[in-house]
Amino acid sequence: MAIDFRRSWSDEDLELYRDNVVRFIETEVLPHDEEARRRGHVGHEVWRKAGAIGLLCADIPEQYGGAGGDFRHEAVFYEEMSRRALTGMASSVHSIVAHYFLNHGTEAQKRSYLPRMTRGELVGAIAMTEPGAGSDLQGVRTRAEKKDGGYVVNGSKTFITNGFLAGVVLVVCKTDPTQGAKGTSILIVETEGCKGFRVGRVLDKIGMK
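Below, the structure is given as structure tokens:
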């Protein structure tokens with residue numbers, strides 16, 4: 282006998298949303314998973330299709346292009362992707378980047394980045410880990426120096442989830458090495474047309490790509 286299981290935090294609207302998520306995954310992601318694993322990512326088209334039906338950044342307010350939902354909508358997407366062991370589309374990291382903008386960005390930044398992220402036109406990533414520094418951010422060696430009203434960033438990062446497709450990257454770097462943690466900053470880097478920016482080879486990693 283089938284068991285009609287429903288999570289305590291779910292409701293009818295969320296279950297309808299889940300149906301849309303499952304339909305999208307089984308139509309647009311799962312059939313191409315083997316190829317995506319070889320390539321290391323699902324490709325831009327899948328991100329744009331997810332954005333077109335409101336599956337990206339679902340808890341971002343409507344005024345910035347989101348669906349105006351809450352974290353439960355995000356959890357449904359992560360849950361259904363994890364249920365199928367799919368790793369080539371890290372929408373969770375994408376959403377973390379979106380919430381950096383929502384909670385800490387200027388109004389201009391919110392209006393510039395969030396609508397494009399919810400549509401899947403811009404994939405978000407966070408660049409923390411370096412060849413010689415991991416979770417200990419005190420060891421970050423990437424430097425950023427002010428110049429001509431902006432910053433010149435020098436350094437390299439590795440193991441960047443969504444890194445191959447990312448159009449906007451939050452880069453952790455040292456803006457004042459003499460100030461310890463207070464001298465560590467997060468800079469917004471738009472990758473397209475960014476002088477000196479280069480994506481290395483796709484690493485054959487276990488887990489999120």
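In my numbering, the protein residues as written are 282 to 490.
We put the CB at the ideal spot given by N, CA and C, even for glycine.
So, helix, strand or coil for residue i, using DSSP?
i	result
residue 473	coil
residue 371	coil
residue 399	helix
residue 478	coil
residue 304	helix
residue 288	coil
residue 378	helix
residue 351	coil
residue 299	helix
residue 500	For residue 500 there is no data in the structure shown, the boundaries of the chain being 282 and 490.
residue 310	helix
residue 483	coil
Using a Cβ-Cβ cutoff of less than 7 Å, which residues in the same chain neighbour residue i once the five nearest sequence positions on both sides are dropped?
i	result
residue 379	338, 341, 395, 398, 405
residue 480	444, 445
residue 465	418, 421, 453, 455
residue 352	340
residue 290	353
residue 376	338, 355
Below 6 Å CB to CB, which residues in the same chain sit around residue i once its five sequence neighbours on both sides are set aside?
i	result
residue 299	357
residue 350	339, 340
residue 348	335, 339
Apart from the five residues on each side of it in sequence, which residues of its chain come closer than 8 Å, Cβ to Cβ, to residue i?
i	result
residue 414	420, 421, 422
residue 412	437, 439
Report task. Note down, one range per segment and in chain order, each beta strand (DSSP E) of at least 3 residues found wholly within the region 403-469. Result -> 405-408, 424-428, 431-435, 449-455
Query raised in the report: Is it true that the region 376-392 meets the region 429-440, where meeting means three or more beta-carbon pairs spaced less than 8 Å apart?
Result: no
Query - Cβ contact (3+ pairs, closer than 8 Å) linking the region 344-364 and the region 298-315 - result: yes
Requested in this report: Mind listing, in chain order, the continuous alpha helix (DSSP H) runs of no fewer than 4 residues lying wholly within the region 315-346?
Outcome: 325-333
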